[in-house]
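Chemist:
Number of protein chains: 2
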Amino acid sequence: MGSDTLRRVFEAGSVAVIGASGDPTRIGGRPVAMLTAHGFAGPVYPINPNRDEIQGLPAYAAIGDVPGPVDLAICAVPGAMVEDVLGQCAAKGVGGVVVFAGGFAEVGGEGVEQQARLTAIARETGLRLIGPNCMGFANFGRHLTASFHPAFALQMPAGRIGLVSQSGAFGGLSSMMAVERGVGFSHALTTGNEADVDAADCLAFLAEDPATDVILLYLEGVRDGAAMLDALALARANRKPVVVVKLGRTEAGARAAQSHTSALAGTDRVFEAVFRQFGAYRANSIEEFYGIAAALAVGGLPKGNRAGLVTVSGGVGVLMADDAAARGLDVATLPEATQRKFKDIVPYAGVNNPLDVTGQILNQPELLDTALRLVLDEADYDAIVGFQGAALAATGADADRNLALWSDLKRDHPGKFLCVAGMAPPAVQERLEAAGLPLCVEPTHATRAAAAGAHFADAFARPPGWTRRPSTGGASTLPSGPLTEVQAMRILGAAGLPMTPHRLAVTADEAVAAAEALGLPVAMKIVSPDILHKTEIGGVRLNLASADAVRGAFAAITDAARNRAPRAAISGCLVAPMLTGGVETILGIHMDPVFGPLVMFGLGGVLVEVLEDVSFRVAPFDDGEAHRMIDEIKGRAVLDGVRGAPAADIDALAAALATLSRFAATQADRLLSVDLNPFVVLPRGEGAVALDAVLEVRT
Amino acid sequence: MGSDTLRRVFEAGSVAVIGASGDPTRIGGRPVAMLTAHGFAGPVYPINPNRDEIQGLPAYAAIGDVPGPVDLAICAVPGAMVEDVLGQCAAKGVGGVVVFAGGFAEVGGEGVEQQARLTAIARETGLRLIGPNCMGFANFGRHLTASFHPAFALQMPAGRIGLVSQSGAFGGLSSMMAVERGVGFSHALTTGNEADVDAADCLAFLAEDPATDVILLYLEGVRDGAAMLDALALARANRKPVVVVKLGRTEAGARAAQSHTSALAGTDRVFEAVFRQFGAYRANSIEEFYGIAAALAVGGLPKGNRAGLVTVSGGVGVLMADDAAARGLDVATLPEATQRKFKDIVPYAGVNNPLDVTGQILNQPELLDTALRLVLDEADYDAIVGFQGAALAATGADADRNLALWSDLKRDHPGKFLCVAGMAPPAVQERLEAAGLPLCVEPTHATRAAAAGAHFADAFARPPGWTRRPSTGGASTLPSGPLTEVQAMRILGAAGLPMTPHRLAVTADEAVAAAEALGLPVAMKIVSPDILHKTEIGGVRLNLASADAVRGAFAAITDAARNRAPRAAISGCLVAPMLTGGVETILGIHMDPVFGPLVMFGLGGVLVEVLEDVSFRVAPFDDGEAHRMIDEIKGRAVLDGVRGAPAADIDALAAALATLSRFAATQADRLLSVDLNPFVVLPRGEGAVALDAVLEVRT
């Protein structure tokens, strides 16, 4: 539904400019001038009560006076008049309004209330509102420029990159890069304060837009986490790469972001996890942001991560191999027979991968042809990067031969990602890119593009993992109030999580009986809904190997609790068998204000804490996604068994993570946190078990 | 000495071209053409037995026929003739020869021997040899182009960047970037196979060259590690930033490098440590390599790492803050009074840092002036980055005003690093850079340059740390043969390293007496020069708390040794007190084939092994450098005390590392390895102690 109403706006056939000016340099004049100059095909209605004609077009006193229907109104009036204008637009049946004016939520105070009134009008009338405090948007295919940003005045080449930006300036800069580089946009959508239409809406629109192949997403914060997850999932389902810049990676950045944007910033680690889980690629500079999108829009996606490198310089070849490998590409060696074939031609060539044709290329230009054909025909690489140095700068017959070679290769191998690196004049770049061959001056940008392509190929090839959080009808089944560990273990155990065998003992005799039933030695812990840190008050005893020891421990623990936490309600002692072996891990649920429940995973131990070596995923997800979050931690090899330890039961661990994620998703409306620490993963085939459970719920 | 002879070559006043050709497109013709076209002031002597005149110059049949002295001979003849030519050059008293021809060590087999003969001629006669298999060099200040690479035919703007490259193609590419970007080189020196002159020689030359401020170093491998350390130390002492690309970061890269270069590749981790210790900055792309050097050559060095950011776009401001902080810059907030001053002008501006002048700049262009002056005058930033979006693309009065603003600021604050970010036409860039203001299109490249500047400021501000390895006259004082742990502890203890108290017991009674003297409980270990892995054969017992336990352990350990290692010579059992508390670390010596002894440091435990969280330094070094290597590990916070543990005695740890480094440097010629594992760092004030010592020496 939302997408349909947005489509009417972003694909508008008729446009009114409210507050239109006859001066094409003014904010109210620029949209009229750009719509006219760029050749927008539909009617443009300038609205200005003081003029009959504006920039050669008949002007109207008010939006209600326009004779035909209006899909889009561009509102260039001061902030104080916006509310009134929106009302008039709604009455006229306008599809949507772009509001440039600032002074709303971004300035705080009354601005927040004024913006809330704009939102209310949009929600009540169905009018879509873009902004306020935004630079509007441009639909380059329709020559529809609903902006005053000078970047949009430039002639954009037709392109298949769609841009969503919460920052107008960032959107403008990216557009200027696109114009300069010559790989253009389908749409550039800026969202400003997002009183109605937000970045998730725009992302969802582009994910379904037939004119868009690759999506650029510039985010400062997310208002509606669920909608953003849906939009990211949609883009992925439609196999559209999403390249994202999200600000606030560092503390300094987060502080700056807070003072800049009114969007809820959220934790950067959570965003990082979301991007990873949904297959988005995170860029850290404007150049990388646009560069990746341009390369993939031109060259398409590879099918996998095997990269073949061909070079005319050994040094640059090694540089590319380093960069490719560091980015996760498989720089697999050429088949030996292929290596021999090239060695027969150039005995001192480097031939494993990269294939280095050497300076011999100066004497035998056809060597490049031979090398590329060998690499493409005889090895199963998904992506090929060819570094040509300054050879592309040649003109005349040499240039034509070179271009013909690359074009032929792309034609013969349409499913492979072919990327050219080297220095080339704009005309050569244009011809290469028209044939589906992105050109990068910097060789590592070519390997970076291949790696980004492989990243998307991998993301699109695997099942989604995540499913939309089920609506529980608002009713979590969790009991209220603080829960004891015994209650937590019962609830989580019932949800399918493996809990250590245990009994609650209310007397010392019961404790002894429990210990003997469970098998000595045992551990004992105080059970109280009011005591969270049991060890600190002396409420935990381990390795109790005899009935006497159990009896003594019961007395000691309950005494300690009475003395150190005199007001705590004591349920008794939990008795559980001691467990030896296995790898200690930590499983948890973090409730994120933006994205809801996230599952956390890490190894146990103080060093993991210091190194923050943990991974996160949005709930709920399946076992495959759980395996990926396990594989993501740096200490992953510990689970494979190091220093003679057996490999751990990673399947059992993954199953527990997925189960925990489903539990969290189902109970999200009442859940505060879950902490299974330690969660011991036993040797392969023996499963895993939580030795401790904390479950916090809303009271 | 070496530097003087090289200076004669690189600053040659007279040049002969051996194998000169009349065709300016041929390898033997290009140097003649370039020397003439670029305006080299000294005599150029073409040598060709078949011609009287070449490209308008009188030609000579042989180098011996040249009437005047010859500082430099460019040798463009085929490989087979090179040996003969070198002999003739030596006889003539030529300063040095550049040899282009390949087919020497890089092709293996006979080529290696042929190259060895060239080296011998150079060593015997004092003739300096550059190459073979190189692209020569260019001294742009003297218009001296001793190369055939087309990049050197381009008109290089005068510049203060010196380049050393082991790859001719890489050197050529960097030169083309310099020409395109307009920030030029003093020298471009390529070294090829390094039969005589190597990268370290060239680096040392540039470190002393008055025309060079910033050095670019492209390395594939290092032949003479000691010379490279000396050259890096010299560059640092002379406050010249060294930006380095070293290939082989990844396994794929190392494999490719091996097939490409005949230099000894060495371990990448060791190179990384050397660059860090000597203050070089490692770049990972050609763009970064040249970009950092260009920015620092234009803008000079900041004094420290405090960065102030000014922006016309909030989003780009946050992007820069993130990048700056991630690179270690201190994005300190503006003084509150300064923040208030700007808030008084633009109430909704972001003012902590970055200072975001907002879109209001469109209405009040003078806001940028105000913002920059506030940031420069009222806060003590070392570097300022100003993002101007597309404003620099303006022409006419606006452009002039903008340029004048920046020039004034730089003039008023000559000691600060000022960098402009945004899109600008070449003419604007040229004017900014002439005034000492580097311009970066990509905003994060500006923060990156400031961070690199801060990196060098820090490196140049601290004492060197490293000292050249003392010459021991070839006589290490270490005993020969395999050493027992007791011997290792005695030697290392005598060197000043803290060893746990211990006694060697040859009988069970001696063991009991030792345990009682040292204090129970004790640990016991088999002592044998032939048993390295004591635990594996049952040769270690811990926590022995009584005389009986000690007696039993002695029997068990010696029995185990006799059974499991029947041929090992057994010295007895080492008895040492059990130690509780402290942080377990590992100290070691790694003998690197290129750079000699390196000290390794890491925390104990399996996770450190999995994460490879260790640091290295070239020996010998002082306590300050030791502190830096301690601070470098990711798990550093463990030493500060986590989860209630006390802070460890880091000064004692640093002292031990420095002591170990001096020991290794003094004993380098006989030492194979040292391993102190665990080396326990006790709480602050209590010192540190090695519980185990392994010392391997050459037999």
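Same order as they appear, the protein sequences are chains A and B. Take the first sequence: its letter number 283 is residue 283 in our numbering, and every next letter is one higher. Take the second sequence: its letter number 694 is residue 1694 in our numbering, and every next letter is one higher. Positions of the beta carbon are idealized from the N, C-alpha and C atoms, including for glycine.
Measure from the alpha carbon of A:Leu129 to the alpha carbon of each residue in A:Thr145, A:Phe148, A:Gly87, A:Val112, then state which is nearest.
Modeler: In the first sequence, the residue the question calls residue 129 of chain A occupies position 129. Measuring from the Cα of A:Leu129, the nearest candidate turns out to be A:Gly87.
Chemist: Enumerate, from N- to C-terminal direction, the unbroken alpha helix (DSSP H) stretches of 4 or more residues contained entirely within the region 110-151 of chain A.
Modeler: Taking only runs of at least 4 residues, the alpha helix (DSSP H) segments lying wholly in the region 110-151 of chain A are 110-125.
Chemist: Is the CB-CB distance between B:Ala1090 and B:Leu1127 below 8 Å?
Modeler: Mapped onto the second sequence, residue 1090 of chain B falls at position 90. Mapped onto the second sequence, residue 1127 of chain B falls at position 127. In contact: B:Ala1090 and B:Leu1127 (Cβ atoms closer than 8 Å).
Chemist: Starting from A:Lys410, trace the beta strand (DSSP E) in both directions and tell me its first and last residue.
Modeler: Residue numbering aside, residue 410 of chain A sits at position 410 when the first sequence is read from its first letter. Here A:Lys410 belongs to no beta strand (DSSP E); instead the alpha helix (DSSP H) covers 397-412.
Chemist: Closest Cβ-Cβ distance between A:Ser262 and chain B: below 8 Å?
Modeler: Position 262 of the first sequence, counting from 1, holds the residue named residue 262 of chain A. Low confidence applies here, because A:Ser262 scores a pLDDT of 44, under 50, leaving its location unreliable; read the following figure in that light. Not an interface residue.
Chemist: Give a yes or no on whether the minimum CB-CB distance between A:Asn284 and chain B is below 8 Å.
Modeler: As a working mapping, residue 284 of chain A is identified with position 284 in the first sequence. So yes, A:Asn284 belongs to the interface.
Chemist: Looking at the secondary structure, which residues open and close the alpha helix (DSSP H) in which A:Glu625 lies?
Modeler: Walking along the first sequence from the start, residue 625 of chain A turns up at place 625. That run of the alpha helix (DSSP H) goes 623-632.
Chemist: Could you tell me whether any Cβ in chain A is nearer than 8 Å to the Cβ of B:Asn1352?
Modeler: Start at 1 with the first residue of the second sequence, and residue 1352 of chain B comes out as number 352. Yes, B:Asn1352 counts as interfacial toward chain A.
Chemist: Does DSSP put B:Leu1518 in a helix, in a strand, or in coil?
Modeler: For the purposes of this step, residue 1518 of chain B is taken as residue 518 along the second sequence, with counting starting at 1. Note: B:Leu1518 maps to helix in three-state DSSP.
Chemist: Mapping DSSP to helix, strand and coil, what is B:Met1578?
Modeler: Walking along the second sequence from the start, residue 1578 of chain B turns up at place 578. Note: B:Met1578 maps to coil in three-state DSSP.
Chemist: Name the chain A residues whose beta carbon is nearer than 7 Å to that of B:Leu1247?
Modeler: Against the second sequence, residue 1247 of chain B aligns to sequence position 247. Here the neighbours are Gly315, Val318, Leu319, Asp322.
Chemist: Using CA coordinates, which residue listed in B:Ser1571, B:Ile1630, B:Gln1667 is at the minimum distance from B:Asp1649?
Modeler: Within the second sequence, numbered from 1, the residue matching residue 1649 of chain B stands at position 649. Out of B:Ser1571, B:Ile1630, B:Gln1667, B:Ile1630 has the C-alpha closest to the C-alpha of B:Asp1649.
Chemist: I'd like the list of long-range same chain contacts for A:Ala715, defined as Cβ closer than 8 Å, with 5 residues on each side in sequence excluded.
Modeler: Because chain A spans 1 through 699 in this model, residue 715 of chain A falls outside it and cannot be assessed.
Chemist: Whose C-beta lies closer than 7 Å to the C-beta of B:Pro1354 among residues of the same chain, with five residues either side of it excluded?
Modeler: Here residue 1354 of chain B refers to the residue found at position 354 of the second sequence. Cβ within range, chain order: Leu1309, Val1310, Thr1311, Gly1317, Met1320, Ala1321.
Chemist: Could you spell out the range, first to last residue, of the alpha helix (DSSP H) harbouring A:Ile286?
Modeler: Counted from its first residue, the first sequence places residue 286 of chain A at position 286. A:Ile286 -> alpha helix (DSSP H) spans 286-299.
Chemist: Kindly confirm or deny that the region 602-611 of chain A and the region 505-518 of chain A touch, where touching means at least three C-beta pairs closer than 8 Å.
Modeler: Cβ pair count under 8 Å is below three, so no.
Chemist: With 7 Å as the limit, tell me which residues of the region 627-644 of chain A have their beta carbon closer than that to any beta carbon of chain B; keep them in chain order.
Modeler: Within the region 627-644 of chain A, the residues whose Cβ lies closer than 7 Å to some Cβ of chain B are Lys634, Gly635, Ala637, Val638, Val642, Arg643, listed in chain order.
Chemist: So is A:Met81 in contact with chain B if we call contact Cβ pairs under 8 Å?
Modeler: Translated into the one-based positions of the first sequence, residue 81 of chain A becomes position 81. For A:Met81, the answer is no, since every Cβ of chain B falls outside 8 Å of its Cβ.
Chemist: Decide if B:Leu1532 is buried, meaning its Cβ has at least 16 other Cβ atoms within 10 Å, or exposed.
Modeler: On the second sequence, residue 1532 of chain B is found 532 positions in, with the first residue counted as 1. The residue in question, B:Leu1532, is exposed, as its Cβ has fewer than 16 Cβ neighbours within 10 Å.
Chemist: Find the nearest neighbour of A:Phe185 within the set A:Gly192, A:Met176, A:Thr191, judged by alpha-carbon distance.
Modeler: By one-based count along the first sequence, residue 185 of chain A stands at place 185. Checking every option, the nearest Cα to that of A:Phe185 belongs to A:Met176.
Chemist: With DSSP as the reference, label B:Ile1537 as helix, strand or coil.
Modeler: The residue you call residue 1537 of chain B lines up with position 537 of the second sequence. Three-state DSSP puts B:Ile1537 in a helix.
Chemist: Between the Cα of B:Thr1580 and those of B:Ala1626, B:Pro1683, B:Leu1247, B:Ala1016, spot the shortest distance and give me the residue it belongs to.
Modeler: What you label residue 1580 of chain B is simply residue 580 of the second sequence in a count that begins at 1. For the residues B:Ala1626, B:Pro1683, B:Leu1247, B:Ala1016, the minimum Cα distance to B:Thr1580 belongs to B:Pro1683.
Chemist: Going by C-alpha distance, which of A:Ala204, A:Cys202, A:Met135, A:Thr444 is nearest A:Gly172?
Modeler: In the first sequence, the residue the question calls residue 172 of chain A occupies position 172. Nearest of A:Ala204, A:Cys202, A:Met135, A:Thr444 to A:Gly172, Cα basis: A:Met135.
Chemist: A:Met81: buried (16+ other C-beta within 10 angstroms of its C-beta) or exposed?
Modeler: On the first sequence, position 81 is the one that residue 81 of chain A refers to. Label assigned to A:Met81: exposed.
Chemist: Suppose the cutoff is 8 Å on Cβ atoms and the five residues either side in sequence are ignored; what does the same chain contact list for B:Val1077 look like?
Modeler: As a working note, residue 1077 of chain B is residue 77 in the second sequence. Hits under 8 Å: Ile1018, Gly1019, Gly1028, Val1085, Ala1101.
Chemist: Closest to B:Arg1628 by CA distance: which of B:Ala1647, B:Asp1213, B:Leu1653, B:Gly1108 is it?
Modeler: If you number the second sequence from 1, residue 1628 of chain B lands on position 628. It is B:Leu1653.
Chemist: Using a Cβ-Cβ cut-off of less than 9 Å, give me the residues of the region 601-627 of chain A that come near chain B, in sequence order.
Modeler: Those would be Leu603, Gly605, Val606, Leu607, Val608, Glu609, Val610, Leu611, Asp613, in chain order.
Chemist: Taking all protein chains shown into account, do 16 or more other C-beta atoms lie within 10 angstroms of the C-beta of B:Asp1198, making it buried, or fewer, making it exposed?
Modeler: As a working note, residue 1198 of chain B is residue 198 in the second sequence. Buried, since its Cβ has 16 or more Cβ neighbours within 10 Å.
Chemist: Look at A:Gly162 and A:Val183 and say whether their C-beta atoms are less than 8 Å apart.
Modeler: Taking the first residue of the first sequence as position 1, residue 162 of chain A is located at position 162. Taking the first residue of the first sequence as position 1, residue 183 of chain A is located at position 183. Taking 8 Å as the Cβ cut-off, A:Gly162 and A:Val183 do not qualify as a contacting pair.
Chemist: A:Leu542: buried (16+ other C-beta within 10 angstroms of its C-beta) or exposed?
Modeler: For the purposes of this step, residue 542 of chain A is identified with residue 542 of the first sequence, where counting begins at 1. It is exposed - the Cβ of A:Leu542 has fewer than 16 other Cβ atoms within 10 Å.
Chemist: Hey, does A:Gly192 have any beta-carbon neighbour from chain B nearer than 8 Å?
Modeler: Residue mapping note: residue 192 of chain A aligns to position 192 of the first sequence, counting from 1. Chain B contact via Cβ: absent.
Chemist: My output table needs one value for B:Thr1036: the three-state DSSP class, helix, strand or coil.
Modeler: Residue 1036 of chain B sits at position 36 when you count from the first residue of the second sequence. Here B:Thr1036 sits in helix by DSSP.
Chemist: Output the boundary residues of the beta strand (DSSP E) element that contains B:Gly1596.
Modeler: Position 596 of the second sequence, counted from the start, is the residue given in the question as residue 1596 of chain B. Where B:Gly1596 is concerned, the enclosing beta strand (DSSP E) stretches over 1596-1603.
Chemist: Cβ of A:Phe148 within 8 Å of Cβ of A:Arg30?
Modeler: Within the first sequence, numbered from 1, the residue matching residue 148 of chain A stands at position 148. Within the first sequence, numbered from 1, the residue matching residue 30 of chain A stands at position 30. Yes, Cβ-Cβ distance for A:Phe148 and A:Arg30 is below 8 Å.
Chemist: Look at B:Val1694 and B:Glu1485 and say whether their C-beta atoms are less than 8 Å apart.
Modeler: Locating residue 1694 of chain B in the second sequence gives position 694, where the first residue counts as 1. Locating residue 1485 of chain B in the second sequence gives position 485, where the first residue counts as 1. The answer is yes: Cβ separation under 8 Å.
Chemist: So what does DSSP say about B:Lys1246, is it helix, strand or coil?
Modeler: Working through the second sequence from its first residue, we reach residue 1246 of chain B at position 246. B:Lys1246: strand per DSSP, three-state reduction.
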